[in-house]
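Single-structure report; data block below.
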Amino acid sequence: MFDDYIRAHQEEIVMDLLNYVSIPSISTTGQSITDAVCYLVGKLEELGFESKVFETGGHPIVYAEIGPEDSGFTLLIYGHYDVFPVEGQKGWKTDPFTPVVDGDRIWGRGTGDNKCQHLAQMYGIAMYNEVIGGLPFRIKLVVEGEEETGSKALSTFVKGNRELLSADVCCYSDGPMFPGDQPVLLLGVRGILCLEFIANGAAQPLHSGTFGGVVPNPAFELLDLFSQIATPSGRLKSPGYNNLPDAALQPEKKAIETLPFDLEDVEQCLGLSPTTGRAGMSYYENLMLRSNFNIAGFKAGYTGEGIKTTIPNQAVAKVDIRLVGNQDPEGLFAEIHSLVAQEYPRITVNKLVSQPPSKTPVTHPLVGVIQRAVSAGFGKQALVVPSLGGTTPDYLFTKVLEIPSIVVPFAPYDENNHAPNESTKISLYLNGIRSTAHVIRELADHLGQSCSTAAQ
Numbered sequence: 000m001f002d003d004y005i006r007a008h009q010e011e012i013v014m015d016l017l018n019y020v021s022i023p024s025i026s027t028t029g030q031s032i033t034d035a036v037c038y039l040v041g042k043l044e045e046l047g048f049e050s051k052v053f054e055t056g057g058h059p060i061v062y063a064e065i066g067p068e069d070s071g072f073t074l075l076i077y078g079h080y081d082v083f084p085v086e087g088q089k090g091w092k093t094d095p096f097t098p099v100v101d102g103d104r105i106w107g108r109g110t111g112d113n114k115c116q117h118l119a120q121m122y123g124i125a126m127y128n129e130v131i132g133g134l135p136f137r138i139k140l141v142v143e144g145e146e147e148t149g150s151k152a153l154s155t156f157v158k159g160n161r162e163l164l165s166a167d168v169c170c171y172s173d174g175p176m177f178p179g180d181q182p183v184l185l186l187g188v189r190g191i192l193c194l195e196f197i198a199n200g201a202a203q204p205l206h207s208g209t210f211g212g213v214v215p216n217p218a219f220e221l222l223d224l225f226s227q228i229a230t231p232s233g234r235l236k237s238p239g240y241n242n243l244p245d246a247a248l249q250p251e252k253k254a255i256e257t258l259p260f261d262l263e264d265v266e267q268c269l270g271l272s273p274t275t276g277r278a279g280m281s282y283y284e285n286l287m288l289r290s291n292f293n294i295a296g297f298k299a300g301y302t303g304e305g306i307k308t309t310i311p312n313q314a315v316a317k318v319d320i321r322l323v324g325n326q327d328p329e330g331l332f333a334e335i336h337s338l339v340a341q342e343y344p345r346i347t348v349n350k351l352v353s354q355p356p357s358k359t360p361v362t363h364p365l366v367g368v369i370q371r372a373v374s375a376g377f378g379k380q381a382l383v384v385p386s387l388g389g390t391t392p393d394y395l396f397t398k399v400l401e402i403p404s405i406v407v408p409f410a411p412y413d414e415n416n417h418a419p420n421e422s423t424k425i426s427l428y429l430n431g432i433r434s435t436a437h438v439i440r441e442l443a444d445h446l447g448q449s450c451s452t453a454a455q
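According to numbering that gives the first Met the number 0, the sequence shown holds residues 0 to 455 in order.
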């Protein structure tokens with residue numbers, strides 16, 4: 000009967016996503032944030048949720064609830080209505096905020112990250128409620144507007160509203176699926192520390208013939224500093240931030256062994272070969288279970304046509320560092336700040352974003368429950384993945400609210416989030432709706448609560 004609901008409402012379901020994507024809710028500029036909030040609240044109330052908008056020091060947070068309050072069990076769902084900026088991005092084949100349907104694809108900024116994902120969960124809840132005739136437990140939904148800039152307001156909101164957000168498990172949708180539209184359960188995320196380094200030299204650019212060899216070059220000073228922090232492959236040199244003990248990773252490594260790896264698919268997607276070689280185990284370990292230092296941007300001197308033989312008077316670098324396990328971004332920042340202060344007096348370092356890593360054990364009993372549900376929703380066995388290589392504010396659920404958190408992506412592997420030509424697939428969007436309804440049903444069955452078998 001879930002399929003009957005989707006067939007009857009598919010045009011409306013797809014149109015809602017198109018309308019949502021057409022709102023350019025860019026978190027960095029604040030553009031159309033109010034429009035996105037109003038649209039989201041209207042859709043939530045239309046689907047039967049009780050909603051409330053919380054003003055913050057940044058962008059508003061939308062909170063909603065639905066289902067019986069006295070069931071003894073609560074499911075928490077998270078999403079974000081803000082999108083990554085498009086300014087300066089070349090290569091868009093369509094207007095980023097005029098969504099285009101092309102076969103099974105919908106092109107536009109925010110299609111995959113993250114509007115289709117939390118909208119699918121909203122519709123899945125509403126579908127279960129209508130088809131089954133009620134929900135078996137309370138469901139809470141929190142949707143923020145600053146995920147792309149570090150979730151600062153959400154962090155304050157969650158820490159100040161533990162009772163309001165109290166739940167037994169968090170299950171939300173974010174990130175890409177595996178190649179071949181393979182459904183997965185992600186049980187954690189890497190943490191992140193984003194830094195800005197500014198190296199200053201002379202008061203102005205200098206002639207490299209007149210002063211080369213007698214004055215410092217800020218670009219080389221940054222490179223020298225980075226060589227102390229990490230290897231060229233991005234491995235951190237600090238003992239506490241290098242690798243986790245192998246013994247602590249055995250359950251995760253066992254899960255990784257089941258994951259498919261096709262080198263040709265990876266090379267086709269990347270346009271080059273991964274540094275980890277042909278072994279899938281090495282690829283996934285480095286992506287999910289190891290820390291990484293990345294130079295995201297570097298600017299120094301003249302880079303225009305021809306050549307200017309000058310020594311730059313300033314060099315600037317933006318860096319992001321991914322962390323795992325119990326690695327503390329604040330502790331790492333303190334180490335780097337101390338190193339800079341002691342050995343590089345002409346360099347300043349500024350902290351931009353800091354979020355710790357997060358993990359739910361692969362052995363948690365609800366992992367199998369939700370795995371069955373997602374497998375039913377997609378008609379394909381879902382795989383259990385120890386961690387997402389990227390970062391979401393997952394720690395707010397596992398470390399602040401102290402509940403297990405399971406991420407189920409509904410966007411395609413090649414969604415191009417944060418890049419030109421972002422897209423999602425209508426089929427995955429609809430399967431996400433089905434999966435959400437099945438998650439509710441499987442959780443209810445697991446808890447021994449009444450749940451109709453009519454929705455086969």
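Even glycine gets a Cβ: it sits at the ideal position worked out from N, Cα and C.
message: Is the separation between the beta-carbon of V323 and that of R189 shorter than 8 Å?
response: By 1-based counting over the sequence shown, the position of residue 323 is 324. By 1-based counting over the sequence shown, the position of residue 189 is 190. Going by C-beta atoms, V323 is nearer than 8 Å to R189.
query: Do P95 and I105 have their C-beta atoms closer together than 8 Å?
result: The residue you call residue 95 lines up with position 96 of the sequence shown. The residue you call residue 105 lines up with position 106 of the sequence shown. The beta carbons of P95 and I105 sit no closer together than 8 Å.
- prompt: Roughly how many angstroms separate the alpha carbons of I405 and L186, rounded to a whole number?
  reply: On the sequence shown, position 406 is the one that residue 405 refers to. On the sequence shown, position 187 is the one that residue 186 refers to. In this structure, the alpha-carbon of I405 lies about 5 Å from that of L186.
field: Sequence-distant residues of its chain with Cβ nearer than 6 Å to F83 (five each side left out)
entry: One-based indexing of the sequence shown puts residue 83 at position 84. Cβ neighbours of F83 beyond the five flanking positions: E147 and H417.
message: Does the contact criterion of 3 or more C-beta pairs under 8 Å hold for the segment 428-443 versus the segment 123-133?
response: Below 8 Å, enough C-beta pairs join the segment 428-443 and the segment 123-133 to call them touching: three or more.
query: Can you name, in chain order, every residue of its own chain whose Cβ lies under 6 Å from the Cβ of A372, other than the five neighbours on each side?
result: Taking the sequence shown and counting its residues from 1, the one referred to as residue 372 is at position 373. Only H437, V438 and E441 meet the Cβ criterion.
- prompt: What is the rounded straight-line gap between the Cα of Q459 and the Cα of M0?
  reply: What the structure shows of the chain is the stretch from 0 to 455, and residue 459 is not part of that stretch, so it cannot be assessed.
- prompt: Per DSSP, which one or two residues make a beta bridge with V214?
  reply: Looking up residue 214 in the sequence shown gives position 215. Its beta-bridge partners are G211.
- prompt: Are V352 and V339 close, meaning C-beta to C-beta below 8 Å?
  reply: Indexing the sequence shown from 1 puts residue 352 at position 353. Indexing the sequence shown from 1 puts residue 339 at position 340. Going by C-beta atoms, V352 is not nearer than 8 Å to V339.
Counterpart residues of A198 in DSSP-defined beta bridges: Residue mapping note: residue 198 aligns to position 199 of the sequence shown, counting from 1. DSSP, once it has assigned bridges, lists A314 and I346 as partnering A198.
- prompt: To the nearest whole angstrom, what separates the beta carbons of S374 and P182, a pair I think is in contact under 8 Å?
  reply: By one-based count along the sequence shown, residue 374 stands at place 375. By one-based count along the sequence shown, residue 182 stands at place 183. So it is a contact: roughly 7 Å between Cβ atoms.
Cβ contact (3+ pairs, closer than 8 Å) linking the segment 0-11 and the segment 101-115: Result no; under three Cβ-Cβ pairs closer than 8 Å.
message: Pairs of beta-carbons, one from the segment 316-330 and one from the segment 134-147, closer than 8 Å: are there three or more?
response: Fewer than three pairs of CB atoms, one per stretch, sit closer than 8 Å, so the segment 316-330 makes no contact with the segment 134-147.
message: I believe N128 touches G47 by the beta-carbon criterion, under 8 Å. Please report the beta-carbon distance rounded to the nearest angstrom.
response: Working through the sequence shown from its first residue, we reach residue 128 at position 129. Working through the sequence shown from its first residue, we reach residue 47 at position 48. So it is a contact: roughly 6 Å between Cβ atoms.
- request: Could you check the C-alpha separation between I335 and N285 for me, to the nearest Å?
  value: For the purposes of this step, residue 335 is taken as residue 336 along the sequence shown, with counting starting at 1. For the purposes of this step, residue 285 is taken as residue 286 along the sequence shown, with counting starting at 1. One Cα belongs to I335, the other to N285, and the distance between them is close to 22 Å.
message: On the DSSP bridge list, what partners appear for C193?
response: Translated into the one-based positions of the sequence shown, residue 193 becomes position 194. Note: C193 sits in a beta bridge opposite D319 and V352.
Coil, strand or helix - I306 by DSSP: Residue mapping note: residue 306 aligns to position 307 of the sequence shown, counting from 1. In the structure shown, I306 sits in coil (DSSP, three-state: anything other than H, G, I, E or B).
field: Nearest neighbour of T209, chosen from I25, I310 and E54 [CA to CA]
entry: Residue numbering aside, residue 209 sits at position 210 when the sequence shown is read from its first letter. Answer by Cα proximity: I310.
- request: Return the CA-CA distance between S232 and P273, expressed in angstroms with no decimal places.
  value: One-based indexing of the sequence shown puts residue 232 at position 233. One-based indexing of the sequence shown puts residue 273 at position 274. Rounded to the nearest angstrom, the two C-alpha atoms are 11 Å apart.
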